[in-house]
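End of the sequence shown = 195 in numbering that gives the first Met the number 0, gap-free, step of one. Just so you know, even glycine gets a beta-carbon here, dropped at the ideal spot from N, CA and C. These numbers were taken from a predicted model, which means no experiment stands behind them.
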Amino acid sequence: MIVIGVAGGIASGKSTAARVFEQHGARVLDADAIGHDLLRTEGMRAEIRSAFGEDVLTAEGDVDRRALGRVVFGDEQARQRLNRLVRPAIRAEIRRRIAGIRSEGYDGVVVVDAPLLVDTGPTDLADRVILVTAPASTRKERILLRGLTGPEAEARIAAQEPDAKQARWADYFLENDGTRDELIEKTEALWKRIVS
């Protein structure tokens, strides 16, 4: 079994690349989805409430991700506090799922789709890392299509490590500077290189 990490900034095309691998039979672990699931657990909700107050919760007591985003993407210390709470739990869950897949005797490719996989240095979650990059202007356009405002998009892009810094830890690169179909073609070619 080989574990491939797909990293890159917000709206760079990571999920598109991961879906291409999935279509070839890879098992995909989506770190964002895992993080969202964790935010729904009582323990994490309590930690978020304690760290950031009631303003980041809905009337039902769930974490309001948009409200939390406004807090953490406008305050570096708050963002770091959130990362200290959430990242270890996400990494632990990814490790648990990889171990479960391995224990099944699976002998294929596992893809970890994780935006922050190598932003602080090399990772022990993957055997190889693919960095998906895209121009900041393109990423901003894509974020706006998700319903965020221009300042919210810019804050999210600015909060992430630049591609050049993450590139130090990557084994492969996918430059997403064209159409979605072009990214799919590049990803298909990379898949063939990895599995051959």
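*If you draw a straight line from the C-alpha of residue 193 to the C-alpha of residue 1, how long is it?*
The residue you call residue 193 lines up with position 194 of the sequence shown. The residue you call residue 1 lines up with position 2 of the sequence shown. Cα-Cα distance, rounded: 10 angstroms.
*Starting from the Cα of residue 3, find the closest Cα among 133, 11 and 29 and give me that residue.*
For the purposes of this step, residue 3 is identified with residue 4 of the sequence shown, where counting begins at 1. Just measuring C-alpha positions, the residue of 133, 11 and 29 sitting nearest residue 3 is 29.
*Report yes or no: do three or more beta-carbon pairs, one from the stretch 83 to 99 and one from the stretch 6 to 21, lie closer than 8 angstroms?*
Touching, no, given that fewer than three Cβ pairs across the two stretches are closer than 8 angstroms.
_Rounded separation between residue 144 and residue 125 - CA only_ = Looking up residue 144 in the sequence shown gives position 145. Looking up residue 125 in the sequence shown gives position 126. Distance between the alpha carbons of residue 144 and residue 125: 31 angstroms.
*Run the CB neighbour count on residue 169, radius 10 Å, all protein chains shown included, and call it buried at 16 or more, exposed below.*
In the sequence shown, the residue the question calls residue 169 occupies position 170. When all chains shown are included, residue 169 counts as buried.
*Thinking C-alpha only, which one of 111, 85, 139 and 56 is nearest residue 10?*
Position 11 of the sequence shown, counted from the start, is the residue given in the question as residue 10. Of the listed residues, the one whose Cα sits closest to residue 10 is 139.
*Own chain partners of residue 85 with C-beta closer than 7 angstroms, once the 5 adjacent residues on each side are dropped*: Numbered from 1 along the sequence shown, position 86 holds the residue referred to as residue 85. Excluding residues within five positions, the ones whose Cβ falls inside 7 angstroms are 34 and 37.
*Report, in whole angstroms, the separation of the C-beta atoms of residue 110 and residue 27, which I expect to be a contact under 8 angstroms.*
Position 111 of the sequence shown, counting from 1, holds the residue named residue 110. Position 28 of the sequence shown, counting from 1, holds the residue named residue 27. Right, their Cβ atoms sit about 5 angstroms apart.
*Leaving out five residues before and five after residue 142 in sequence, what residues of the same chain have Cβ atoms less than 7 angstroms from its Cβ?*
The sequence position of residue 142 within the sequence shown is 143, counting from 1. So the list reads 9, 10, 152 and 155, once near-sequence residues are dropped.
*asked:* In whole angstroms, give me the CA-to-CA distance for residue 45 and residue 6.
replied: Reading the sequence shown from its first residue, position 46 is the one you call residue 45. Reading the sequence shown from its first residue, position 7 is the one you call residue 6. So the two alpha carbons sit approximately 29 angstroms from each other.
*Opposing strand residues paired with residue 173 [DSSP bridges]*: Within the sequence shown, residue 173 is the residue found at index 174, counting from 1. Answer is 131, bridged to residue 173.
*Collapsed DSSP secondary structure at residue 4 in the structure displayed*: Within the sequence shown, residue 4 is the residue found at index 5, counting from 1. Assignment of residue 4 by DSSP, reduced to helix, strand and coil, places it in the strand class.
*asked:* Tell me the rounded alpha-carbon separation between residue 146 and residue 59.
replied: Numbered from its first residue, the sequence shown carries residue 146 at position 147. Numbered from its first residue, the sequence shown carries residue 59 at position 60. Going by C-alpha positions, residue 146 is about 23 angstroms away from residue 59.
*Does DSSP put residue 54 in a helix, in a strand, or in coil?*
Along the sequence shown, one-based indexing puts residue 54 at 55. DSSP places residue 54 in helix when its eight states are reduced to three.
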